[in-house]
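Here full-length UniProt numbering is used: the first residue of the sequence shown is 1, the next is one more, and so on.
Note that beta-carbon positions come from the ideal geometry of N, C-alpha and C, so glycine has one too.
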Amino acid sequence: MYGRLTATASWSYQSSALPAIVEVAKVHAVHAVILFGPFVDAQIWESGSLGVPDTPFEVIFEKNLLRPLRASLSSLHSTPELVLVPSLRDAHHHTVYPQPPYDTSGGKQRGLHLVANPSLVRINGLALGLTSHDVLADIARQELVKGDHLEERHPARLAGHLLKQGSFYPVHPPAPGVPLDSTQLFKTELPYVPDVLVVPSCLSPFARVVEGAACVNPGFAVDGAAYGTAALLTLHRAPVATTTTVERLEIKVLRL
């Protein structure tokens, strides 16, 4: 799931996409839920549609979102792991790329994984590359294509640049407005091809194997005034010993 969770300007998540996300987790009995920020969207505050809240943004994140979400997931028959990836639009977090994981007052908690942006993680043996910044849109603005590459699907070709160049952000100089910390570029390195590369973007959602990795754009959790989409990854048992991990994957982009 990617992007802001509410269709209206609000610091409350009572009418958010969270119930739909929990329902997907329940119906499909998922082992893990991966959510990409922003969770406290700075654009809501900057737009002037809401005043400065009475409570700190950090408290809004933990009290209004994290605790209810964890409680809802814990009520399921099998509680999934929860992975949260920060965003440059988070009002309560560092706004320089790459970003460190979120800080919470409760410290380390079982089943809760606060990871950096970008990051490489393993879930049940599945290697995933995760970044919340829309690098595909940045590449699309600067990419020049000719010859046979014109026949390839546009979003998939863009995702391939990350894998070929071994970087979560292969755009230099960075796109206008991207606060890239050049002293921390080593944290954007992609040292190996993961099984799954999740690259949330404003471009059309997709799932396709590129350069040996299953590349996924899950789309926005909220699209305008309606719920948007999310990606469901299923890792099937290997029919034969020579079956690769990527060949065992089934990926669907679901409407919430």
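Inclusion of Gly160 and Val96 in the CB contact set at 9 Å is not warranted, their separation being larger than that value.
Nearest neighbour of Leu254 by Cα position, chosen from Ala231, Val240, Ser16, Arg237, turns out to be Ala231.
9 Å or more divides the Cβ of Ala140 from the Cβ of Leu88. The count of Cβ pairs closer than 8 Å, one atom from the segment 178 to 185 and one from the segment 110 to 128, stays below three, leaving the stretches out of contact. CA-to-CA, the gap between Glu81 and Leu190 works out to about 24 Å. Sixteen is the threshold: since fewer than 16 other Cβ atoms of the shown chains lie within 10 Å of the Cβ of Thr243, the residue is exposed.
By the Cβ neighbour-count rule, Asp54 is exposed, with fewer than 16 other Cβ atoms within 10 Å of its own. Proximity to Val196 across Ala238, Ala175, Asn124 peaks at Asn124, based on C-alpha coordinates. DSSP places Asp138 within a helical segment (H, G or I) once states are collapsed to three. From the listed residues Thr131, Ala17, Pro173, Ser16, the smallest Cα separation to Gln142 is found for Pro173. Burial is judged here by how many other beta carbons sit within 10 angstroms of a residue's own beta carbon; Val85 has at least 16 and is buried. With respect to the C-alpha of Val199, the residue from Glu250, Leu128, Pro176 having the closest C-alpha is Leu128. Just measuring C-alpha positions, the residue of Leu35, Asn117, Phe206 sitting nearest Ser167 is Asn117.
Counting only runs of 4+ residues, the alpha helix (DSSP H) found wholly inside the segment 40 to 97 occupies 42 to 47, 67 to 74, in chain order.
The Cβ atoms of His94 and Val40 do not sit closer than 9 Å to each other. In this structure, Ala207 lies away from Lys164, with their beta-carbon atoms at least 9 Å apart. Note: Asp181 is not bridge-paired with any residue in the DSSP secondary-structure output. If you check the CB distance, Ala29 and Ser78 come in under 9 Å. If you draw a straight line from the Cα of Lys187 to the Cα of Ile44, it is about 29 Å long. For Gln99, the secondary structure class from DSSP, reduced to helix, strand or coil, is strand. Val121 and Leu130 have their C-alpha atoms spaced approximately 8 Å apart.
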